[in-house]
Structure formats: structure tokens, C-alpha cells
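What follows is a set of notes on a single structure, which appears directly below.
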Amino acid sequence: MKLMTVKEITALEPDGREVVVKGWVRTRRETKTAVFLEVNDGSRLGNLQCVFDAPGPELASELSKAGTGASVAVEGRLVPSPAAGQRLEVKAHALRVIGEAPAESYPLQKKAHSLEFLREIAHLRPRTNTFGAVARVRNRMAYAIHEFFQARGFVYVHTPLITASDCEGAGAMFQVTTLDLDRLAQSGQAVDYTKDFFGKPAYLTVSGQLNVETYCEALSRVYTFGPTFRAENSNTTRHLSEFWMIEPEVAFAELSDNMELAEEFLKHLVRTALADCAEDLAFFDQRIQPGLVDSLKAVLERPFAHMTYTEAVALLEKNAEHFEVKPYWGLDLMSEHEKFLCEKIAGGPLFLTDYPKEIKSFYMKQNADGKTVRAMDLLVPRFGEIIGGSEREDDLAKLETRIRELGLDEKAYSWYLDLRRFGTTPHSGFGLGFERLILYVTGMGNIRDVIPFPRAPKLADF
RNA sequence: UCCCCUGUAGCUCAGCUGGCAGAGCAAGUGGCUGUUAACCACUGGGUCCGGUGUUCGAACCACCGCGGGGGAGCCA
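All residue numbers for the first sequence refer to the working numbering, where the first residue is 16 and numbers rise by one.
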């Protein structure tokens, strides 16, 4: 008999056909006359109820081994359920326990567990409703990202994870080396990087942007989607040392085109989640973040708000009594300011643009005022910045000046500057942290719960 | 990196002013004519995070260490 998932079986008509269900027992309930086994295989949130009527001694013995967590194969007929709660069920006549999960040692119980406890058993937590749902949403979002860009003629570019240029400038880097550090420490000698694997210091990438710009200036519409690494000692619910990032880059696009793309992109992802992950989102709405589904629907209903940094600061200054850090022009906005702007003022996603050049990266295009750059951050309620991007500086002289002003190593950027030396064009792009997107869409509160095996300072288990 | 909270049964927690270690859930057993995180009854279950100190006496107070959570900063 063809192996079918719970998702496939529960989509069938309960016409009495024979089915085989394979999965893990979520709960077993017994009455005098029947045993109910709920089987889940992760193909969907819902379980498939298998009913054993008046089991004989052999079946009863097998049933006694089918506790929570056991892997089983159930054979039976697919029939309409006579009781409320499910459309159909399996009237079972055979059971095989493939792998037992002894209750006295299996950590997951037939009850709710705290997310903190489940973090300690990251290898078993995908067997819970919450983490199964996160995994399915994460998968659908990854696919939707490719769908979105592919449908618009973007080319997926694989930027390197190891980089020997420390000019990416987006944060502290992890060093990659094959040198024997223990022996080096004992010898007391200075490190000779010409003897290292790459002949010079190498690091894990903190961003694919600079690399992907090179392909943008050849293929016009490109994006990267891959892991990035930050060695920042940040211990928060929104930061990981290893996370996935989406970075589109579009030639000939100006800041307004960039924001249009970002808005369409985020709306596409939210729309897809609502349409294709409805069962999982309903679960998150009920158990994790009440009001989630409505707030996501609201995102689709109207255009995102726009405001310049200068306008935002003026507004914040008028409400200065709300803030611990008093706002002024030139301040890199605190999260309390960002939350105020998108939650209290915009009441939804908000683009902030044209920041002071001093608080933004060297590669952002300077405005005619000489003070601001064509940067944009997309702020969303609940956690602030979700997307950061800009139009890039396409003028060689201005870019060189900026690099010098900031005391950066000009030589390290020579290949990047070549893009402006030869056939330069306006171009724009942005970065979206994949895990932050998953937080946003699922309503989960801690970024360590939306990636299978989180890496953070002092945390690299499993 | 800084600030705050926290660590007691498998899980979630209570434990008052320092005086015999508790509950709910989970598990086991029995009951129950189809259950929905079933229900009812009973039973078993403890290195009170570790160390040191104060005290007649420490889960409780003090100090040191380790673990967990939240917030801030950095950012995506």
C-alpha cells in the first residue's frame, strides 16, 4: 500500500478505504470499549485519530507500548468520525509499534511544556505542535522568497560564506583558521598568516551585499539568500550569531523603487503565510500571539506609511516626555523611538528614510543636502526594524571620499570601487533577516525558537 | 557588554518571620458504553543548582560560582 502522510490522508474522503498511517503517537486515550490513538507525522498540525474497538489481548499488548512519542504503523479503514472534533478517523485493525518511547525517560509529555524547557531538548522539540508549526512556516517562507524573486526575473546568486576581506563592515566577524592555536600559544611567536589556509586572515561573512552588488552590476536583478555570521556579544530575543539573510539588489533602481519592492515582498510573504499556513497560523493565534492573524491581514490592506528621518525626529521631539533617551536630530533612533513611530503614529509598517550619513554605512548614496543619505528602514509593530536598505552611492569620487573620511582601508575596497569605475549605475537593495521574518509571521517571541539549532554567545549545542 | 528577575518532583510552580518537603499536570494501577491536552479514584516519585559561611536549626539569610529568563545597546 502506498505510503501516505497524515496531511494526504486527512484530505481524502472517508469512504472506508484501507490506509496505513505511520507517525508518532501524540496521545493515547482509553475507555472501557475503545482505545484512541492520535498519530502525527509533522505533515500538518492536526493529528489523525485511530480508533481500536474492543482490542483483543495481542492488540492490547501492542497498544500498551504505544505511549506518547512512540513511532507506530496503523492499518485500518478511513471512515467518517461519529463524534465531534474531527471529520474522519481510522477504524484500526492492526498496530505495529516501530519504536517505543518509554514514559519514564522520554522528555516530552502529553502536556504543554515551556519554550525554555524545549530549548534544552532542541533535538526533540520539532515533535511538538509549536515547533512543527514553526518548521512548516519557515519552509513555506523560504520557498515563497524564491517564488517572489524568480517571478520577477531575479537571479539567485550564491555569495561566499568565507571572506578574506574584512570590509563588509556589518559587525564583528568570526575568524576562520587552520592554524594550530594551542601550539601557537605555547610557542609565544607572532601569528604568521601567510602560513594560514588562505595565506591571510579569513572570516565568516557578515553580509553578502558587497559581493552581490557585483552581480547586480551585470545581471541587473539579483538576490542572495543564505547564512550569515555575527560575532557580536548580543544576548537578546532578536539576535543570533548564525542567521539567514535575504538581500536583493536591483540595478537602475532608486530608493523609491527599493521601497516598493520591499513592500511588495513583505506583503507577498504575509499573504502566502495566511493562505498556505492557515492551520499553523491559527494555532499561533490561539496559543502564542492572540490577534496575530488579524494583524497580518491588516498589513495587506493598505500601503505602508512613509516618513523621513527628519520628520520623524520632529515628531519624536514633540513627544519627548515618552522617552528615556530624548530625541534630537542626529541621534541613531532607539527601539523605544522606533516602536513609538510604527505603533503609535503609523499604526502599522512604516518606512523611515533619509537618515543622517553619520549613523549609516559608507556605501549609501548621499543626498544633495550633504547631510543625509538615501537609506530606508522598514519598522513594524512588535519589534521595530525588520528591513534595512538603501540606494547605493554610484559616484566614484563621493564613495572614495566617504571611505577616506571614515578611515577605512581603501585598498580593501578596490574591487568594490571598480563597480563605480566601470559602467556605474544607480542601484539599490535591502536586507531582511529571515528569522525576524519568521518571528513576525508566527508571533513567536524569541528568535532562538524559530531556527532549529540556534547559535548565540555561549550557545552552540546540538 | 550593562541592568533586572530566576533556579524546589519528569514538567509548571507554591513554600509566610529560618522550625517535619507541597500542589497541579505527567507517569503507574483500577474504574468508566466514543474519547478530544478525556474524566473519577488511588499509588509511586526530591542531591530544594553547586560550594562556603551565619545559626541550636537553612529550600529560605550572606558571599562566591554555574545555569535559565527578560530588558538595553549593537544590528538583520
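No residue lacks a Cβ here, since even glycine has one placed at the ideal position from N, Cα and C.
State the DSSP-derived secondary structure class of residue i, mapped to helix, strand or coil.
i: residue 34; result: strand
i: residue 254; result: coil
i: residue 401; result: strand
i: residue 75; result: helix
i: residue 45; result: strand
i: residue 5; result: Outside the displayed range of the chain (16 to 477) lies residue 5, so it cannot be described from this structure.
i: residue 170; result: strand
i: residue 163; result: helix
i: residue 307; result: helix
i: residue 360; result: helix
i: residue 188; result: coil
i: residue 438; result: coil
i: residue 344; result: coil
If I measure Cβ to Cβ from residue i and keep anything under 7 Å in the same chain, skipping five residues before and after, which residues do I get?
i: residue 294; result: 59, 60 and 61
i: residue 22; result: 58 and 59
i: residue 139; result: 122 and 123
i: residue 144; result: 60 and 298
Given a threshold of 16 other Cβ atoms within 10 Å of its Cβ, counted over all protein chains shown, does residue i qualify as buried or as exposed?
i: residue 335; result: exposed
i: residue 480; result: Residue 480 cannot be examined here, being either before or after the span of the chain that is shown, 16 to 477.
i: residue 117; result: exposed
i: residue 127; result: exposed
i: residue 285; result: buried
i: residue 405; result: buried
i: residue 322; result: buried
i: residue 401; result: buried
Between which two residues does the beta strand (DSSP E) harbouring residue i extend?
i: residue 65; result: 63 to 68
i: residue 114; result: 103 to 114
i: residue 235; result: Unbroken run through residue 235: none, as it is neither H nor E.
i: residue 369; result: 365 to 371
i: residue 298; result: Note, residue 298: premise wrong, no beta strand (DSSP E); alpha helix (DSSP H) at 293 to 302.
i: residue 86; result: 86 to 95
i: residue 217; result: 217 to 219
i: residue 392; result: 387 to 395
Could you say which of the options lies nearest to residue i if we only look at CA atoms?
i: residue 378; options: 432, 107, 259 and 352; result: 432
i: residue 311; options: 331, 288 and 333; result: 288
i: residue 283; options: 31, 435, 167 and 138; result: 167
i: residue 337; options: 95, 349 and 345; result: 349
i: residue 360; options: 136, 308 and 331; result: 331
i: residue 425; options: 180, 74 and 267; result: 180
i: residue 93; options: 125, 169, 32 and 114; result: 32
i: residue 177; options: 394, 462, 352 and 220; result: 220
i: residue 205; options: 212, 196 and 213; result: 196
i: residue 45; options: 68, 55, 35 and 29; result: 68
i: residue 388; options: 124, 394, 367 and 460; result: 367
i: residue 35; options: 124, 394, 72 and 105; result: 105
i: residue 41; options: 151, 66, 20 and 84; result: 84
i: residue 281; options: 445, 87 and 434; result: 445
i: residue 108; options: 87, 95, 54 and 74; result: 74
i: residue 153; options: 214, 248, 292 and 99; result: 292
i: residue 409; options: 259, 302 and 229; result: 229
i: residue 242; options: 258, 234 and 427; result: 258
Can you name, in chain order, every residue of its own chain whose Cβ lies under 8 Å from the Cβ of residue i, other than the five neighbours on each side?
i: residue 25; result: 59, 61, 63, 102 and 103
i: residue 272; result: 265 and 443
i: residue 171; result: 161, 164, 165, 237, 238, 239 and 240
i: residue 77; result: 110, 111 and 112
i: residue 318; result: 278
i: residue 345; result: 371, 373 and 374
Just to confirm my understanding: we take residue i, look at its own chain, exclude 5 residues before and 5 after, and list those with CB closer than 6 Å. What are they?
i: residue 15; result: Not covered by the structure: residue 15. The range shown for the chain is 16 to 477.
i: residue 396; result: 357 and 358
i: residue 299; result: 307, 457 and 458
i: residue 464; result: 130
Following a CB-centred definition, is residue i positioned closer than 7 Å to any heavy atom of the ligand FMN?
i: residue 443; result: This structure lacks the ligand FMN; in fact it carries no ligand of any kind.
Determine the extent of the alpha helix (DSSP H) in which residue i is found, giving its start and end residues.
i: residue 134; result: 130 to 135
i: residue 58; result: Looking at the DSSP string, residue 58 is not in any alpha helix (DSSP H), and its letter there is neither H nor E.
i: residue 454; result: 449 to 457
i: residue 200; result: 196 to 202
i: residue 4; result: This structure gives no information on residue 4, because the portion of the chain shown stretches from 16 to 477.
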